[in-house]
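Residue numbers (full-length UniProt numbering): 1 to 392. Notes follow once the structure below has been shown.
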Amino acid sequence: MGSCIEETDTPFPRGDSLHLSSSSLCVLLPRITPMAAVPVLKDELDIVIPTIRNLDFLEMWRPFFQPYHLIIVQDGDPSKTIKVPEGFDYELFNRNDINRILGPKASCISFKDSACRCFGYMVSKKKYIYTIDDDCFVAKDPSGKEINALEQHIKNLLSPSTPFFFNTLYDPYRDGADFVRGYPFSLREGVPTAVSHGLWLNIPDYDAPTQLVKPHERNSRYVDAVLTIPKGTLFPMCGMNLAFNRELIGPAMYFGLMGDGQPIGRYDDMWAGWCIKVICDHLGLGVKTGLPYIWHSKASNPFVNLKKEYKGIFWQEEIIPFFQGATLPKECTSVKKCYIELSKQVKDKLGAVDPYFVKLADAMVTWIEAWDEVNNNTSEPNSSNQTNGASK
Numbered sequence: 001m002g003s004c005i006e007e008t009d010t011p012f013p014r015g016d017s018l019h020l021s022s023s024s025l026c027v028l029l030p031r032i033t034p035m036a037a038v039p040v041l042k043d044e045l046d047i048v049i050p051t052i053r054n055l056d057f058l059e060m061w062r063p064f065f066q067p068y069h070l071i072i073v074q075d076g077d078p079s080k081t082i083k084v085p086e087g088f089d090y091e092l093f094n095r096n097d098i099n100r101i102l103g104p105k106a107s108c109i110s111f112k113d114s115a116c117r118c119f120g121y122m123v124s125k126k127k128y129i130y131t132i133d134d135d136c137f138v139a140k141d142p143s144g145k146e147i148n149a150l151e152q153h154i155k156n157l158l159s160p161s162t163p164f165f166f167n168t169l170y171d172p173y174r175d176g177a178d179f180v181r182g183y184p185f186s187l188r189e190g191v192p193t194a195v196s197h198g199l200w201l202n203i204p205d206y207d208a209p210t211q212l213v214k215p216h217e218r219n220s221r222y223v224d225a226v227l228t229i230p231k232g233t234l235f236p237m238c239g240m241n242l243a244f245n246r247e248l249i250g251p252a253m254y255f256g257l258m259g260d261g262q263p264i265g266r267y268d269d270m271w272a273g274w275c276i277k278v279i280c281d282h283l284g285l286g287v288k289t290g291l292p293y294i295w296h297s298k299a300s301n302p303f304v305n306l307k308k309e310y311k312g313i314f315w316q317e318e319i320i321p322f323f324q325g326a327t328l329p330k331e332c333t334s335v336k337k338c339y340i341e342l343s344k345q346v347k348d349k350l351g352a353v354d355p356y357f358v359k360l361a362d363a364m365v366t367w368i369e370a371w372d373e374v375n376n377n378t379s380e381p382n383s384s385n386q387t388n389g390a391s392k
């Protein structure tokens, strides 16, 4: 059956496009075929894993991850040997590699913090990225079936988002769902999805104060839903089960300055999430949250977390209003332009909160410069560790 959607110069409708086009009217026809089978995307997706330990957890993920290329970013002591199970195709980058590849610009990559994972985003040459923490295992759905988290993320990224108008049946592009009565036909084509934010069973992603008052709480609620986060709404992004379209939003996926030598930690993924949401809203891109779930196996120490978070807990009361009020000029027509503009606003407005934000704003610019250098370089950024496995 041929598509009735017309190709136009505008790839997706903006919030102010409320006229009915001929392509919009095509959605009046009933959807009689389900979504096509999800392609494996073997040659279009990298899996990025930050770690300080041996990656035995990959054995559980072998049925799902083995076809893909892994980029492992080793945090901490670069002289430590990280063991990776046999049969995986991977590159491993440690701090020495980061310093060698980026030179002075390596200062923008965090040390002794999982924020170092964003180096993997930078050196990847693939269209899509999936990143996962090494304490995350395969979860099971209510029927007992193991969840292929990567497959669901791919579904999320390859189907449109609906940020301009909320659909009460959640993701209308999933099998068994559609747009409800009253949903504007001019918005039913949706917009490209830039980010797929997955969730976790077992150990919830709580801040330290909540961990301390609810030490035994576990998440057993499996909600079979995918939502588009509405335009103008921020969210606390968690980096432990996250996928994104690197071509659409990659340069903005900077996890900031955290960890060793910095006054704050455990805000790396949330900082990136606030930045990408403002930029996605401006450029008309979508962010989804919900499925897939992973099994988060290990609770981190709440007292250690509190030491890392306590300044952020105070600062976020000013950080979040800043992002809620942030606007980008119409001249910002690319992710990089948006990110540089956002860095200026961070320096001007959050610099008064603490000098750290002046340093962070400068690091945001350095990150973009390093991104351009690495991605405009015709030679591959080789790690000092040989690749392993046959899945090339």
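All C-beta atoms in this analysis are idealised placements derived from N, C-alpha and C, irrespective of residue type, glycine included. Note that the coordinates shown come from a computational prediction; the quantities given were computed from them, not determined experimentally.
Does the Cβ-Cβ distance between S161 and V180 come in under 8 Å?
Within the sequence shown, numbered from 1, the residue matching residue 161 stands at position 161. Within the sequence shown, numbered from 1, the residue matching residue 180 stands at position 180. Their beta carbons are not under 8 Å apart, which means S161 does not touch V180 by this criterion.
DSSP three-state label for K288, please.
Translated into the one-based positions of the sequence shown, residue 288 becomes position 288. The three-state secondary structure of K288, taken from DSSP, is strand.
Y128, enclosing beta strand (DSSP E) - first and last residue:
Reading the sequence shown from its first residue, position 128 is the one you call residue 128. Segment Y128 to I132, the beta strand (DSSP E) holding Y128.
Assuming Q315 contacts V353 (C-beta within less than 8 Å), just tell me the rounded distance between them.
The residue labelled residue 315 in the question sits at position 315 within the sequence shown. The residue labelled residue 353 in the question sits at position 353 within the sequence shown. Position check: residue 315 holds Trp in this sequence, whereas Gln was assumed. That belief holds up - the Cβ atoms of W315 and V353 are roughly 6 Å apart, short of 8 Å.
Quick check on F323: does DSSP put it in helix, strand or coil?
By one-based count along the sequence shown, residue 323 stands at place 323. Correct three-state label for F323: helix.
C-alpha gap between P50 and L70, whole angstroms
Start at 1 with the first residue of the sequence shown, and residue 50 comes out as number 50. Start at 1 with the first residue of the sequence shown, and residue 70 comes out as number 70. The alpha-carbon atoms of P50 and L70 are separated by roughly 11 Å.
Between which two residues does the beta strand (DSSP E) containing F166 stretch?
What you label residue 166 is simply residue 166 of the sequence shown in a count that begins at 1. Careful: F166 lies outside any beta strand (DSSP E) and carries neither H nor E.
I believe A149 touches G198 by the beta-carbon criterion, under 8 Å. Please report the beta-carbon distance rounded to the nearest angstrom.
Counted from its first residue, the sequence shown places residue 149 at position 149. Counted from its first residue, the sequence shown places residue 198 at position 198. Contact between A149 and G198 holds: CB atoms are separated by about 6 Å, below the 8 Å threshold.
How far does the beta strand (DSSP E) with N245 in it reach, from first residue to last?
The sequence position of residue 245 within the sequence shown is 245, counting from 1. Run containing N245: N241 to N245, per the beta strand (DSSP E) assignment.
What does the Cβ neighbour count give for E331, buried or exposed, with the cut at 16 atoms within 10 Å?
Counting from 1 along the sequence shown, the entry for residue 331 is found at position 331. It counts as exposed.
Helix, strand or coil at A104 according to DSSP, with G and I counted as helix
In the sequence shown, the residue the question calls residue 104 occupies position 104. Ala is not the amino acid found at residue 104; the sequence shown has Pro there. Residue state, collapsed to three classes: helix.
What is the rounded straight-line gap between the Cα of K42 and the Cα of L227?
Sequence index remark: in the sequence shown, residue 42 carries index 42 (1-based). Sequence index remark: in the sequence shown, residue 227 carries index 227 (1-based). Looking at the two C-alpha atoms, the distance is approximately 26 Å.
Minimum C-alpha distance to E309 - residue among D97, F119 and P263:
Against the sequence shown, residue 309 aligns to sequence position 309. Out of D97, F119 and P263, P263 has the C-alpha closest to the C-alpha of E309.
Given I203 as reference, the closest of D133, K336 and P321 once Cα atoms are compared
By one-based count along the sequence shown, residue 203 stands at place 203. Checking every option, the nearest Cα to that of I203 belongs to D133.
Only counting the same chain, and skipping five residues up and downstream in sequence, which positions put a Cβ closer than 6 Å to that of D141?
Taking the first residue of the sequence shown as position 1, residue 141 is located at position 141. If we look at D141 and ignore the five residues flanking it on each side, its Cβ neighbours are I147.
C-beta contact flag for K105 and E380 at 8 Å:
For this step, residue 105 is matched to residue 105 along the sequence shown. For this step, residue 380 is matched to residue 380 along the sequence shown. It is not a contact, given that the beta carbons lie outside the stated cut-off.
Alpha carbon to alpha carbon, how far is M253 from W271?
Within the sequence shown, numbered from 1, the residue matching residue 253 stands at position 253. Within the sequence shown, numbered from 1, the residue matching residue 271 stands at position 271. Their backbone Cα atoms lie some 9 Å apart in a straight line.
Considering only their Cβ atoms, is the gap separating I129 from D75 smaller than 8 Å?
Counting from 1 along the sequence shown, the entry for residue 75 is found at position 75. Counting from 1 along the sequence shown, the entry for residue 129 is found at position 129. No, they are not a contact pair.
May I have the straight-line CA-CA distance separating M258 from P215, to the nearest angstrom?
Here residue 258 corresponds to residue number 258 of the sequence shown, with the count starting at 1. Here residue 215 corresponds to residue number 215 of the sequence shown, with the count starting at 1. Distance between the alpha carbons of M258 and P215 is about 25 Å.
So, are the CB atoms of P251 and V335 less than 8 Å apart?
The residue you call residue 251 lines up with position 251 of the sequence shown. The residue you call residue 335 lines up with position 335 of the sequence shown. Yes, they are a contact pair.
Helix, strand or coil at Q74 [DSSP, three-state]
On the sequence shown, position 74 is the one that residue 74 refers to. In the three-state scheme derived from DSSP, where H, G and I count as helix and E and B as strand, Q74 is classed as strand.
Taking only three categories from DSSP, how would you classify D268?
On the sequence shown, position 268 is the one that residue 268 refers to. In the structure shown, D268 sits in a helix (DSSP, three-state: H, G or I).
Distance, A225 Cα to A299 Cα:
Locating residue 299 in the sequence shown gives position 299, where the first residue counts as 1. Locating residue 225 in the sequence shown gives position 225, where the first residue counts as 1. Cα to Cα, A299 sits roughly 25 Å from A225.
Alpha carbon to alpha carbon, what distance is there between S114 and D348?
Here residue 348 refers to the residue found at position 348 when the sequence shown is read from its first residue. Here residue 114 refers to the residue found at position 114 when the sequence shown is read from its first residue. As the crow flies, the alpha-carbon of D348 is around 27 Å from that of S114.
Tell me, please, which residues DSSP counts as bridged to T51.
Your numbering for residue 51 matches position 51 in the sequence shown. According to DSSP, which records beta bridges pairwise, T51 is partnered with Q74.
Comparing alpha-carbon positions, which option in K80, L291, G182 and Y222 lies nearest S143?
Here residue 143 refers to the residue found at position 143 when the sequence shown is read from its first residue. Looking at the Cα atoms, Y222 is the closest of the given residues.
Quick one: using the 10 Å Cβ neighbour count with 16 as the cut-off for buried, is R218 buried or exposed?
The residue you call residue 218 lines up with position 218 of the sequence shown. Counting the other Cβ atoms within 10 Å of the Cβ of R218 gives fewer than 16, which makes it exposed.
Burial state of S220 (16 or more Cβ within 10 Å)
Taking the first residue of the sequence shown as position 1, residue 220 is located at position 220. By the neighbour-count rule (16 or more Cβ atoms within 10 Å), S220 is not buried but exposed.
Where T168 falls, given that 16 or more other Cβ within 10 Å makes a residue buried:
Taking the first residue of the sequence shown as position 1, residue 168 is located at position 168. Looking at its Cβ environment, which holds fewer than 16 other Cβ atoms inside 10 Å, T168 is exposed.
Classify T289 as buried or exposed, calling it buried when 16 or more other Cβ atoms lie within 10 Å of its own Cβ.
Along the sequence shown, one-based indexing puts residue 289 at 289. The residue is buried, with at least 16 neighbouring Cβ atoms inside 10 Å.
Are the beta-carbon atoms of L157 and S196 separated by less than 8 Å?
Numbered from 1 along the sequence shown, position 157 holds the residue referred to as residue 157. Numbered from 1 along the sequence shown, position 196 holds the residue referred to as residue 196. Going by C-beta atoms, L157 is nearer than 8 Å to S196.
Buried versus exposed call for N245 [16 or more other C-beta atoms within 10 Å across all chains shown]:
Within the sequence shown, the letter at position 245 stands for residue 245. Taking all protein chains in view, the Cβ of N245 is crowded by 16 or more other Cβ atoms within 10 Å, so the residue is classified as buried.
Leaving aside the five residues before and after residue 400 along the sequence, list all residues of the same chain whose C-beta is less than 7 Å from its C-beta, in chain order.
The chain is shown only over 1 to 392; residue 400 falls outside these bounds and no answer can be derived.
Would you check if the distance between the CB atom of A177 and the CB atom of Y183 is smaller than 8 Å?
Start at 1 with the first residue of the sequence shown, and residue 177 comes out as number 177. Start at 1 with the first residue of the sequence shown, and residue 183 comes out as number 183. No; because the gap between Cβ atoms is not below 8 Å, this pair is not in contact.
List the whole-angstrom C-beta distance separating M237 from G273, where the pair is believed to meet the contact cut-off of C-beta under 8 Å.
As a working mapping, residue 237 is identified with position 237 in the sequence shown. As a working mapping, residue 273 is identified with position 273 in the sequence shown. About 3 Å separates the CB atoms of M237 and G273; that is less than 8 Å, so the two are in contact.
Among V73, C108, I82 and R100, which one has its Cα closest to the Cα of D362?
By 1-based counting over the sequence shown, the position of residue 362 is 362. Closest option to D362, Cα to Cα, is C108.
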